[in-house]
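Under this note's numbering, residues 831 to 1288 are what the sequence shown spells out, in order. By construction, the Cβ of each residue, glycine as well, lies at the ideal position given by its N, Cα and C atoms. Heads up: the structure comes next, in C-alpha cells.
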Amino acid sequence: MRIDSEKNGNMIKGLCLGLTVILMGAAIAAVPFSGGVEGMIQGWKQILIAPCPLITDYFGIGGISATFFNAAICSFACWMIAAVSRARVNASFLAAYLLVVAHCFYGMNFLNIWPCYIGVILYYIKKKKNFREHLHIAMFSMAFGPLVSEMLLRYPIGEAFESGASGFTLSGIILTLIIGLAAGMVLPGMLEGALWMHKGYNLYNGGLAFGLVGCFLYAFLYKTMGVESSGLIELNNRFYDGIGESDWLFSNFVFIFIFGFTLAVGYVLNGKSFKGYRELMKETGHMSNFAERYGMPLCFINFGVYGFMVLAYMNLIMLLTEGVAFTGPTVGAIFAAVTFAAIGQHPKNTWSIFMGYAVLFVFVTFVCMLQGREVPWTLSTQGYINGVAFATGLAPIHGRYGWRSGMAAGIISASICTSTAAIHGGFMLFNGGFSAGITALILVPVLEHHFPHMRVKY
C-alpha cells in the first residue's frame, strides 16, 4: 500500500488546526464559568506568572476558560511556526503537538515554552542542519516549561515568592536564556541515546531522555548550590471552587466531540469504511509508524476509538474510586494518552497496561485491609491518572511479548510513577514518560533473557 507523505502531512496539519479551533471554542464556551472575558484574561495572566512544578492544576490557578485559551494559543503558535517555515509535518510532529496541548493544562504556558524551543532551533542552525525537519524535537523540549518558570520567577528566593505577583529579575532572565541554550545543545543527542537504552519499547522517548537531564539540573541548581526547592502554588479561584474543582459534563463533552469528530473524519476519508483497521490493530507498536504504513485516515479512526477507550477508563475509575475528577492535569492526561495513536498505540496493545494499574490497586487494597491500614492511593489519585496515561507508551512490550508482559509493565510503572518526580524536582513535565522509560529499562532485559530470539539489537 503506497502512502502519500505529503497528503499525510496535510491531513495532520488539518487535524492540528482543527483541534486548536476546538480548544478555542471550549475556552469561549467556558467563559461563563470563569467570570466573563475579563476573568479569562486575568486567569491567563495568573497562569503566565505562576511557578508550575508537577502537578500544578491550571484550572485552579486561572480557571477553565483561561486554561483552554492557554492550550489554544500555545498549540496555534506551534502550528503557525510549522506552516510559515514549511516544516516537515509527520506523525512525530502530531505527537509533539498533542503533548504541547496536554501539558498546557498543567505546566506549559505561552511564556515558559520558548527558551528551550529556541535553544533547539539554534542548535540545528549551528550544526547546519535543516531545523524544519526537527521542529518536533523543539516542541518536545517545551517539557522543561516548569524549570523555565522557576528560574524566571522564584530562583533562588523560593518561599519568599509572592503568589500572583510578577517576580521577573535580570538574573532570572539570564539564567533562563543559559538553560534554553544548554537544552538545545543537549536534548537532541539525549533523545537518540534514550532510544538506544530502552530499544524502542517506550514510545514516550523524551520522558527518559529529559528525565535524566532534569535530574542533573535539579541536583545542580538546588542540591549542589544549597538552594531550597519550593512547593506548588495554590490560588483560590472562586469560579473553579464553585463547581467542585472539576466540570465532568463540560470536559466529557469536549472529548466526546474531539474523538467523535476525528473518528467520523477518518471514516469518511477511508472511503466510508473501517477497512484496514483490523490489520492496524495487529501491529506490535514497536518501531511502528501507522501513518506511513496505513495512512492518516486509519490513524484518525484509531485516534477516535482509542480516545474513547481512554475516556471510558477515566470515567470508570472516577465512578468506582475516590480521588480527583476532571481537573486540569486529568484533561491533560487524556490528551497525553492518545499522543502516539499514529505511531504505536491502539486499544489492543494498551489495555493490559491499564489492567496492570488496576491489578496493583486491588492487591494494595487487599494487603492494607488485612493489616488494618488506610489505602494510600486509588486509581483516581492524580499522580496515578497521569502515570497510566504515559504508561501506555509501553504498548510495544504488550505488542511483542503479550498481555502478561504488558500487565507487568503496568504494575511496575504504577509502583514508581509517583516517586520519580522528586528526582527532578517536578520541573520536567514528561514524568510519566520518565517512569515508563525506567520500567522499560527494568523489564526489557528480563524479557530478552527469557526470550532471546526476540532480542532487539542496536
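Looking at the backbone, the Cα of S1059 and that of C1129 are separated by about 42 Å. In this structure, V1043 sits away from M1027, with a CB-CB distance that is not shorter than 8 Å. The DSSP assignment places no complete run of the beta strand (DSSP E) inside the segment 904–973 (cut-off: 3 residues).
Taking 8 Å as the cut-off, the Cβ atoms of P1018 and I967 count as close.
With respect to Y888, Y936 sits close: the two C-beta atoms are nearer than 8 Å.
Minimum Cα-Cα distance from L929 among the listed residues F1170, Y1214 and F1257 corresponds to F1170.
The segment 862–871 and the segment 893–907 touch, with no fewer than 3 CB-CB distances between them shorter than 8 Å. In this structure, the alpha-carbon of I1268 lies about 22 Å from that of A932. A distance of 8 Å or more separates the beta carbons of A921 and I1164.
The segment 841–857 and the segment 1086–1096 touch, with three or more beta-carbon pairs separated by less than 8 Å.
For Y1136, the enclosing alpha helix (DSSP H) covers residues M1126 to L1150. The Cβ atoms of M938 and C904 sit closer than 8 Å to each other. By the Cβ test, the segment 1122–1142 is not in contact with the segment 1193–1213, since fewer than three Cβ pairs between them sit closer than 8 Å. Contact between A1188 and L1209 holds, with the beta-carbon distance rounding to 6 Å and staying under 8 Å.
Between E1022 and M1015, the alpha-carbon positions lie close to 13 Å from each other. In the DSSP annotation of this structure, the continuous segment of the alpha helix (DSSP H) that includes G1217 starts and ends at Q1212 to A1221. Judged by DSSP in its simplified three-state form, A1155 adopts coil rather than helix or strand. A buried status is given to D1077, since no fewer than 16 other beta-carbon atoms sit within 10 Å of its beta-carbon. In the structure shown, L1200 adopts helical secondary structure according to DSSP, grouped into three states.
Measuring C-alpha to C-alpha distances from S1118 to each of V1194, V1057 and I1227 identifies I1227 as the nearest.
Short of 6 Å from the beta carbon of I1253, and not among the five residues preceding or following it, lie these beta carbons of its own chain, in chain order: C1045. Cβ atoms of L1038 and G1263 come within 8 Å of each other, at about 7 Å. Pairing K837 with V919 gives a Cβ-Cβ distance that is not under 8 Å. Distances from the alpha-carbon of Q1212 to those of V1095, G1036, I833 and F1156 put F1156 closest. When DSSP states are grouped into helix, strand and coil, T1195 belongs to the helix group.
Rounded to the nearest whole angstrom, the CA to CA distance from S979 to Y1107 is 43 Å. Assigned with DSSP and collapsed to three states, C1247 falls in coil, not helix or strand.
Within the same chain, and ignoring the five residues on either side of Y1136 in sequence, the residues whose Cβ sits closer than 7 Å to its Cβ are V1168, A1171, Q1175, H1176 and P1177. Annotated three-state conformation of V851 is helix, per DSSP.
Where A1012 is concerned, the enclosing alpha helix (DSSP H) starts and stops at L1000 to H1028. Apart from the 5 residues on each side of it in sequence, I1147 sits with its Cβ closer than 6 Å to the Cβ of L1209 and S1210 in its chain, given in chain order. With a threshold of 16 other beta carbon atoms within 10 Å, C1247 meets it and is buried. Short of 6 Å from the beta carbon of V1084, and not among the five residues preceding or following it, lie these beta carbons of its own chain, in chain order: A856. Distance from F961 to G1036 at the Cβ level is roughly 17 Å; contact not present, criterion being Cβ atoms closer than 8 Å.
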